[in-house]
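Since the structure comes first, as structure tokens, the remarks are kept for the end.
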Amino acid sequence: MGIPALQNVTGIFNVASSLPDYVTRFLTRSNTRSILQIVWDFRCGYEPYLESPVFPIILSVVFYFVTCLPFTLLDIVCPKQAWYRKYKIQVDKEVTKDQIFDALSLTFWNHILLVLPRAVAQWIWCPVMPLPEEAPSLFEFCWHQMAGLFLFDLQYFCWHVAHHKIRFLYKHIHAVHHHFSSPFAWVTQYLHPLELAAFGFLITANTWVFNCHPLTAWSYMLVSIIVSVEAHIGFDFPFLLHNLDPTGNFGGPTKHDMHHLKPHTNYQPFFNHWDRLFGTYCPPVKGCAVRNKTLQDNKRHTRQSKKVN
């Protein structure tokens, strides 16, 4: 007859041996481990796919399409709804099916002629990078992404100003993006192939600058897509980041809509500090084309300056 306590312990070990590896590791690790290790351990068993140099490209492309789709459905199904018109920034500009088809067509050809060859080249020539066992710390995970966003924001600001100030660059490259004066989700990547390639390179290179952990790099790519799409959705929903930011430094869709209306203002893609520093910031129009007091004061000051000059 066995000892009951010993039988209980044996039973516990038998149950533990049948659990997935990532659950077992979570139960047996110390409490000082990174909180992100729980997420990172889900990679186990999928390393051949996640280690592929093609994985980040597939992840970003699929995520971009998934992020744009809900706002496209709103533009197609709900344009007559009262709440839609309340939160639509340029309420007098309807998003038509022809516009959506036009934007999707350019996006499709950019992916076929640019993104797909890049993916094939990386698959052939880039080595497989083994994934680390340990997840990044929560602090590293957060600050690397914030630093990457601020760095890209500065890089894009410089790129954007140059393409508006130098006529050749605007005419032959950046003018493609300004085909629409009222943005909607698919306008995010309605870009000249060179511009799309440049942005893809900068976002990727910024993860090299900070030597980001793969989990951080993938999250940074997804956050960049979210913020970029949000800037082009054409809505001023109360839950968007620019309405929740107490510092007023986040741009959001209202600011970028104003850039498409007044192309020599609001060059920053994510934040406001460089635009304010260099005098290119223009207060945005809110939802339902509401012009706030700051914008009205800005227009009045501009008119008075022109009269004086």
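Per the UniProt record's numbering: the sequence shown = residues 1 to 309. Think of the CB as a built atom: it goes at the ideal place given N, C-alpha and C, for glycine as much as any other residue. Computed from a predicted model, the values in this text were never measured in an experiment.
DSSP-derived helix/strand/coil call for residue i
i	result
Arg-29	Confidence at Arg-29 is low in this model, with a pLDDT of 49, below 50, so the placement of that residue should be treated as unreliable; the coordinate-derived value is given next. Coil, per DSSP.
Val-95	coil
Phe-55	helix
Phe-235	strand
Phe-101	helix
Phe-141	helix
Phe-271	strand
Cys-158	helix
N-terminal and C-terminal residue of the alpha helix (DSSP H) that residue i is part of
i	result
Lys-88	Counting along the chain, Lys-88 falls outside any alpha helix (DSSP H), and DSSP gives it neither H nor E.
Pro-253	252-261
Ala-185	It is not in any alpha helix (DSSP H) - Ala-185 carries neither H nor E in the DSSP assignment.
Met-129	Counting along the chain, Met-129 falls outside any alpha helix (DSSP H), and DSSP gives it neither H nor E.
Ser-219	214-232
Cys-282	Taken as a continuous stretch (DSSP letters only), Cys-282 belongs to no alpha helix (DSSP H), as it is neither H nor E.
Leu-241	241-244
Test item: CB-CB of residue i and residue j under 8 angstroms
i	j	result
Gln-90	Asp-257	yes
Pro-136	Leu-222	no
Leu-131	Leu-50	yes
His-232	Pro-263	no
His-181	His-260	Going by the sequence as given, residue 181 is Ser instead of His. Going by C-beta atoms, Ser-181 is nearer than 8 angstroms to His-260.
His-163	Ile-173	yes
Cys-78	His-144	no
residue 343	Trp-123	No answer is possible for residue 343: it lies beyond the span of the chain, which begins at 1 and ends at 309.
Selection from the options that minimises the alpha carbon distance to residue i
i	options	result
Glu-230	Ala-185, Trp-83 and Thr-216	Ala-185
Thr-204	His-179, Leu-151, His-160 and Phe-237	Leu-151
His-178	Ile-124, Val-128, Tyr-190 and Cys-282	Tyr-190
Arg-43	Trp-109, Glu-133 and Thr-207	Glu-133
Val-95	Lys-255, Pro-283 and Phe-235	Phe-235
Pro-238	Trp-83, Ser-224 and Pro-56	Trp-83
Asn-272	Lys-286, Leu-154, Ala-197 and Trp-218	Leu-154
Val-285	Leu-69, Gln-81 and Lys-88	Lys-88
Proximal residues to residue i (C-beta, below 8 angstroms), its chain only, five neighbours per side dropped
i	result
Lys-97	Ile-76
Val-227	Leu-149, Leu-241, Pro-269 and Phe-270
Gly-2	Here the model assigns Gly-2 a pLDDT of 47, short of 50, so the residue's position is not dependable, and the following value carries that caveat. Once the five neighbours on either side are set aside, Gly-2 has no close Cβ partner at all.
Thr-265	Met-258, His-259, Asp-275, Thr-280, Tyr-281 and Cys-282
Beta-carbon contacts of residue i that lie in its chain and below 6 angstroms, excluding the five residues immediately before and after
i	result
Asn-31	Because Asn-31 sits at a pLDDT of 41, beneath the cut-off of 50, its placement in the model cannot be relied upon, and the following sentence gives the value as read from the coordinates. If we look at Asn-31 and ignore the five residues flanking it on each side, it has no Cβ neighbours.
Residues of its chain near residue i, where Cβ-Cβ distance is below 7 angstroms and the 5 sequence neighbours each way are ignored
i	result
His-160	Tyr-267
Residue i at chain D interface by Cβ criterion, 8 angstroms
i	result
Thr-67	The structure shown contains no chain D; it is built from a single protein chain.
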